[in-house]
Each structure stands twice: as structure tokens, then as C-alpha cells.
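Visitor: Using the numbering used here, you'd call the opening residue of the sequence shown number 620 and step up by one each time.
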Amino acid sequence: MSMANYAFEVSQTSAYAPEILEGLSSAERRDDAASAPVRDESDLSTGLALEDINLSFGGVVALAGVDLSIKAGEIRAIIGPNGAGKSSLINVISGVYRPERGHVVLNGVRYAQVPTQKLAHLGVARTFQNLALFKGLSVLDNVVAGRAHTVRSSFAGQIVGTPLSRRERRDSYDRAIQILDFLHLGGVRDRLAGTLPYGLQKRVELARALVAEPRLLLLDEPMAGMTATEKSEMASFIRAARDRFGMTVVLIEHDVGVVMELSDRIAVLDYGLKIADATPAEIRSDQRVIDAYLGVVSENEDGGGI
Ligand SMILES: Nc1ncnc2c1ncn2[C@@H]1O[C@H](COP(=O)(O)OP(=O)(O)OP(=O)(O)O)[C@@H](O)[C@H]1O
Numbered sequence: 620m621s622m623a624n625y626a627f628e629v630s631q632t633s634a635y636a637p638e639i640l641e642g643l644s645s646a647e648r649r650d651d652a653a654s655a656p657v658r659d660e661s662d663l664s665t666g667l668a669l670e671d672i673n674l675s676f677g678g679v680v681a682l683a684g685v686d687l688s689i690k691a692g693e694i695r696a697i698i699g700p701n702g703a704g705k706s707s708l709i710n711v712i713s714g715v716y717r718p719e720r721g722h723v724v725l726n727g728v729r730y731a732q733v734p735t736q737k738l739a740h741l742g743v744a745r746t747f748q749n750l751a752l753f754k755g756l757s758v759l760d761n762v763v764a765g766r767a768h769t770v771r772s773s774f775a776g777q778i779v780g781t782p783l784s785r786r787e788r789r790d791s792y793d794r795a796i797q798i799l800d801f802l803h804l805g806g807v808r809d810r811l812a813g814t815l816p817y818g819l820q821k822r823v824e825l826a827r828a829l830v831a832e833p834r835l836l837l838l839d840e841p842m843a844g845m846t847a848t849e850k851s852e853m854a855s856f857i858r859a860a861r862d863r864f865g866m867t868v869v870l871i872e873h874d875v876g877v878v879m880e881l882s883d884r885i886a887v888l889d890y891g892l893k894i895a896d897a898t899p900a901e902i903r904s905d906q907r908v909i910d911a912y913l914g915v916v917s918e919n920e921d922g923g924g925i
């Protein structure tokens, strides 16, 4: 992975700052103009909304009329069987895919396609299913890379070492060290990322997303491949991060036990349809969900059970 397509751009931009729209193409501006920022109370409490999202690949329907409303500061899990549309949903939220129909409402702005190159400036950070660290760089440098978007000094200024570039560099390292300490990674910050055990590398990815100070954190299977202990630690860190920093969290996770413990609400997808959207306790006793997913998972020794 190169720095150029590095996706953990970050932002401290205000949700309603006019500069959000800076640099958008005229088509994007038109789309945004058709959906001017919403300012009523209910919308301010909504961290993210999906409206009637439809997406297909050839004849395969990935998402069929999915609506979702996620409050600011909420931890929302998306679960469902393989192929249910979970990754497609995250990719729509992060602008990788443009839905055929429907909109994503982020920071009170309605998008036909979220401008993925502007994600950081929209306050969105994400992690990926597969590890995407710079394995030959130190843990600290990996995390500092998550602040690339905050740099205002010019390339030349960074080479010469202007006061602004030096201050930005110091701020980035200070912030990265704080986040590493927060995630109990301070002791490994000088290690090469690729030499860490898998579970710790996943935590470094979380650190790199958090250092961006996102308002919306998208986590695509943050505990995949972890031991039960590592999963439980990771869940605690995700919750602690939400409690400390107050961001909205959307995560895909197959381990239903962890999801039940961690989430405020859970949305369940099945063949691209949202078949439930409720609290963990309600999901646990929803017959449709049990039939489509939980019954299968509880019989699957890898699935975590319920
Ligand atoms: N790029 C693509 N090209 C073609 N089909 C795709 C593509 N991405 C997803 N699909 C199809 O869309 C449907 C939803 O896939 P998606 O990856 O979103 O499901 P998922 O719930 O994330 O599955 P998993 O749990 O296995 O990761 C599946 O039928 C899948 O085969």
C-alpha cells in the first residue's frame, strides 16, 4: 500500500464548516445543493443516515432498499450471513461504491455518493478487513501517518523545516503517543509494525484511525482472526474510545457474542435486505434473525455463538 492511496485520511473539520464542500466537482456540489445541510434538532443528533440504499453487481443484489439511522455517539453493529451485504454497506458509507438509488446523509449533508477522497475532511476514518499497516515502519510512524490530512505546511516547507512544519510534526507525534498510550501500545511504539502479533497489529490499525480524531469510525471486522481474549480486549478498547472521544462507531463483526456485548444497537442484513434493527436484547429474541443468522452462528464453533 502506498502513502498516495492511504485511506486513513483524517479530519478535525467542523461538521458544518463551509470548507467541507471545497474542492468538490460541480456535479457533487449540485447533489449537495439538492440536499442542503439539515439543521433541525433531530438531524443534529443523527451521526449517519442511509436512505433507501440500492446496490447490485450485475444481477446480484447486494443491498435492497436499506434505511439506517445512527445516532451520534452510538456503537452500531452490522451483522448477517456471508454475502448479506455488510461490506457493501460500509463501502457505500465510505464512498467506495455509488448506490444505484438512495443517499447517505453525513454531517447533515445528503450524498448520492460520499466523496471518498474527502473522507478525512468529512471526519470519517475506517479500518479494513485485512491488515493495511506499513509493516516496515515503526508502530509510531504508522499511527502518525493517520494525521497526514492535518498537515498544512508545504512539501518544501517540510524539507526545509519551517516553524509550521516542525510544530505540525511535533503535534502529530504527541497525539500519536497519547493514542498509543490510551490503547496500551506505548511499550511497542518503536517496534516495526510487521513484527507485532496479529492482535496487536489490529490494535495499531485502530490507533491509526483514532489519531485522525474522526467523528465517524467505520470498522470492518476489527476482531477477525483474533483469539477470544484479544477480541474481548479489542471490544473494551473500542468502547473506551467511544466513551472518551464520543465518535459514532459502525462495525461489521461476525462474533455475535462480542457484538451483543459491545453494540448499542444492531442491524441485521440478509440477502441485501435489512431484516432487523434493534437493541442486542431484542435481536437475541427476534425469530427472523434467529432463522436467518443466529441459529446458524450458534451451531458454528467459529462464529462465537449467542
Ligand atoms: N465487487 C463485487 N463484484 C461482484 N459482486 C460483488 C462485489 N462485492 C460484493 N458482491 C456481491 O454482493 C453480495 C454482498 O457482498 P458483501 O461482500 O457486501 O457481503 P458481506 O455480508 O460483507 O459478506 P462477507 O461476510 O462474506 O464478507 C454478495 O453476493 C457478493 O458476492
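All residues carry an ideal CB built from backbone N, CA and C; glycine is no exception.
Could you name the residues whose beta carbon sits closer than 5 Å to any heavy atom belonging to ligand 1, keeping them in chain order?
Guide: Here the list is Phe676, Val679, Ala681, Asn701, Gly702, Ala703, Gly704, Lys705, Ser706, Ser707.
Visitor: Given Ile798, which residues of its chain have a CB within under 7 Å of its CB, disregarding the five upstream and five downstream residues?
Guide: If we look at Ile798 and ignore the five residues flanking it on each side, its Cβ neighbours are Val762, Ala826, Leu829, Val830.
Visitor: Taking contact to mean 3 or more Cβ pairs, one atom from each stretch, closer than 8 Å, check whether the region 869-876 and the region 831-848 are in contact.
Guide: The region 869-876, when compared against the region 831-848, does touch it at the 8 Å Cβ threshold.
Visitor: Measure the alpha-carbon distance for Ala731 versus Gly677 and round it to whole angstroms.
Guide: Taking the straight line joining both Cα atoms gives about 20 Å.
Visitor: Check this for me: beta carbons of Leu708 and Ile689, under 7 Å apart or not?
Guide: Not a contact, by the Cβ cut-off of 7 Å.
Visitor: For the beta strand (DSSP E) that Ser851 lies in, which residues bound it at each end?
Guide: Not the beta strand (DSSP E): Ser851 falls in the alpha helix (DSSP H), residues 847-864.
Visitor: Smallest Cα separation from Val877: which of Lys893, Arg858, Pro718?
Guide: It is Arg858.
Visitor: Measure how close the beta-carbons of Ser757 and Asp809 come, nearest whole angstrom, since I'm counting them as under 8 Å.
Guide: Rounded, the Cβ-Cβ distance is 5 Å, consistent with contact.
Visitor: Would you call the region 719-737 and the region 892-905 touching, i.e. three or more CB-CB distances under 8 Å?
Guide: Output reads no: the region 892-905 does not touch the region 719-737.
Visitor: Can you tell me which residues form a DSSP beta bridge with Ser675?
Guide: The partner list for Ser675 (beta bridge, DSSP) reads Val680.
Visitor: Alpha carbon to alpha carbon, how far is Asp905 from Lys850? Give it in angstroms, no decimals.
Guide: Near 25 Å, if we compare the C-alpha coordinates of Asp905 and Lys850.
Visitor: Rounded to a whole number of angstroms, what is the C-alpha to C-alpha distance between Leu759 and Val823?
Guide: If I take the Cα positions, the gap works out to 9 Å.
Visitor: Considering only their Cβ atoms, is the gap separating Val680 from Leu669 smaller than 7 Å?
Guide: The answer is no: Cβ separation not under 7 Å.
Visitor: Ala928 and Phe753 look like a contact to me (Cβ under 8 Å); what is the Cβ gap, rounded to whole Å?
Guide: An answer regarding residue 928 cannot be provided, because it is not within the stretch 620 to 925 covered by the chain.
Visitor: Which two residues bound the contiguous alpha helix (DSSP H) that contains Asp839?
Guide: Per DSSP, Asp839 belongs to no alpha helix (DSSP H); it is in the beta strand (DSSP E), 835-839.
Visitor: Quick one: Cα of Gly865 to Cα of Val733, how far?
Guide: Straight-line Cα distance between these residues: approximately 22 Å.
Visitor: Could you tell me if Glu638 is buried or exposed, where buried requires 16 or more neighbouring beta carbons within 10 angstroms of its beta carbon?
Guide: Low confidence applies here, because Glu638 scores a pLDDT of 28, under 50, leaving its location unreliable and the question unanswered by this model.
Visitor: CB Ala696 to CB Ile885, shorter than 7 Å?
Guide: For Ala696 and Ile885, yes; Cβs fall inside 7 Å.
Visitor: What does a CB cutoff of less than 7 Å around Val715 pick up in its chain, not counting 5 residues either side in sequence?
Guide: If we look at Val715 and ignore the five residues flanking it on each side, its Cβ neighbours are Thr735.
Visitor: Would you call the CB atoms of Gly699 and Leu682 closer than 7 Å?
Guide: In this structure, Leu682 does not lie closer than 7 Å to Gly699 by Cβ.
Visitor: How would you write the range of the beta strand (DSSP E) that Ile698 sits in, first residue to last?
Guide: First-last of the beta strand (DSSP E) with Ile698: 694-698.
Visitor: The alpha helix (DSSP H) that contains Ala900, what's its start and end?
Guide: It spans 899-903 - the alpha helix (DSSP H) in which Ala900 sits, taken as one unbroken run.
Visitor: Quick one: give me the first and last residue of the alpha helix (DSSP H) that Ile709 is part of.
Guide: Where Ile709 is concerned, the enclosing alpha helix (DSSP H) stretches over 705-712.
Visitor: Suppose contacts are defined by Cβ-Cβ distances below 7 Å. Is Ile694 in contact with Asp883 by that definition?
Guide: Yes, they are a contact pair.
Visitor: Can you name the start and end residues of the beta strand (DSSP E) that Ala886 belongs to?
Guide: Segment 884-889, the beta strand (DSSP E) holding Ala886.
Visitor: Report yes if the C-beta distance between Gly742 and Pro833 is below 7 Å; otherwise report no.
Guide: In contact: Gly742 and Pro833 (Cβ atoms closer than 7 Å).
Visitor: Using a 10 Å radius around the Cβ and a threshold of 16 neighbouring Cβ atoms, would you call Tyr912 buried or exposed?
Guide: So Tyr912 ends up on the buried side.
Visitor: Using DSSP's beta-bridge definition, name the partner residues of Thr867.
Guide: DSSP, once it has assigned bridges, lists Leu835 as partnering Thr867.
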